[in-house]
Amino acid sequence: MATDESIVFKAESPQPIDHYLKLLTEHFEKIAPNATQEQMDLFIQLKNSVISSNIHSTRKTQRAAEQQVAQLSEYVDSVSHQLEALKKLQTQEGKQSASHSGKAVDYQKVFKEKQAELRSLEAQIREVKEKRKQLNEKNNTTIYWHEVSLKQSEQDHHAAIAELHMKIRNLQFELEKLSD
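Here the UniProt record's numbering is used: the first residue of the sequence shown is 1, the next is one more, and so on.
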């Protein structure tokens with residue numbers, strides 16, 4: 001069987017997992033139209049496993065992003081406390097010496113550096129929070145559709161089982177008619 005270009009994964013333009021699952025299902029139906037129920041069940045289990053794995057990795061990524069934001073927030077708090085301590089030292093130094101001694105100038109320099117670092121960190125936190133928000137929205141949508149896909153797959157599986165039960169009953173009924 002020749003490779004179908006639409007099933008090739010391209011890292012620069014990946015498709016959603018549902019796309020690949022749909023293609024796999026189409027190929028499975030083409031190459032195994034007379035698959036046994038056991039084979040179909042195994043294929044459904046495989047699809048559900050892929051979906052569950054994707055949900056798990058999406059949630060793992062979400063937790064990692066939340067941890068990164070928490071760590072950055074802790075660091076910003078630390079820098080803020082350092083700034084407060086520097087302000088106090090600068091105020092005390094100013095009271096002790098009316099002239100600008102070397103220490104006062106050093107404190108001022110460190111204070112300005114810490115302020116710049118704090119502004120930079122706050123910008124990073126805003127950026128990470130925005131990325132996390134976008135990622136959460138995307139992940140929540142992905143998780144929702146994967147869960148819908150899992151439920152649909154489960155319903156399809158139950159419908160196939162019900163259909164097979166009906167066929168078995170019809171065959172049993174026909175056998176009973178023939179035996180009478």
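Glycine included, C-beta positions come from ideal geometry on N, C-alpha and C.
Note that the structure is predicted; figures quoted are calculated from it, not measured.
Legend entry - Nearest to Asn48 (by Cα), restricted to the options Phe173, Ser149, Val128 and Pro16: The sequence position of residue 48 within the sequence shown is 48, counting from 1. Asn48 has its Cα closest to that of Ser149, out of Phe173, Ser149, Val128 and Pro16.
Legend entry - For Gln124, the nearest candidate out of Ala65, Glu137, Asn140 and Lys177 (CA to CA): Your numbering for residue 124 matches position 124 in the sequence shown. When only C-alpha atoms are compared, the closest one is Ala65.
Inset, instruction - Throw me the rounded Cβ distance for the Leu135 and Gln62 pair, which I believe falls under 8 Å. - result: The sequence position of residue 135 within the sequence shown is 135, counting from 1. The sequence position of residue 62 within the sequence shown is 62, counting from 1. That pair is a contact at about 7 Å.
Inset, instruction - Out of Lys129, Leu86, Leu178 and Gln152, point me to the one whose CA is closest to Gln71's CA. - result: In the sequence shown, the residue the question calls residue 71 occupies position 71. Closest by alpha carbon: Lys129.
Inset, instruction - Might you give, ordered along the chain, the residues of its own chain that have their beta carbon closer than 7 Å to the beta carbon of Ile44, omitting 5 neighbours on each side? - result: Numbered from its first residue, the sequence shown carries residue 44 at position 44. Only Ser153 and His157 meet the Cβ criterion.
Legend entry - Residue burial classification, His146 (beta-carbon count within 10 angstroms, cutoff 16): In the sequence shown, residue 146 corresponds to position 146, counting from 1. The residue is buried, with at least 16 neighbouring Cβ atoms inside 10 Å.
Legend entry - Supposed close pair Val79, Lys114 - CB separation, criterion 8 Å: The residue labelled residue 79 in the question sits at position 79 within the sequence shown. The residue labelled residue 114 in the question sits at position 114 within the sequence shown. Their Cβ separation, rounded to whole angstroms, is 6 Å, which keeps Val79 and Lys114 in contact under 8 Å.
Inset, instruction - Pick helix, strand or coil for Asn34, following the three-state DSSP scheme. - result: As a first step, residue 34 is located in the sequence shown; it is residue number 34 there, counting from the start. In the structure shown, Asn34 sits in coil (DSSP, three-state: anything other than H, G, I, E or B).
Inset, instruction - Using the Cα positions of Pro86 and Ser57, report the straight-line distance between them to the nearest angstrom. - result: For the purposes of this step, residue 86 is taken as the residue at position 86 of the sequence shown. For the purposes of this step, residue 57 is taken as the residue at position 57 of the sequence shown. Looking at the sequence provided, one finds Leu at residue 86 rather than Pro. Near 43 Å, if we compare the C-alpha coordinates of Ser57 and Leu86.
Legend entry - Alpha carbon of Arg59 to alpha carbon of Lys131, nearest angstrom: Within the sequence shown, residue 59 is the residue found at index 59, counting from 1. Within the sequence shown, residue 131 is the residue found at index 131, counting from 1. Roughly 15 Å separates the two Cα atoms.
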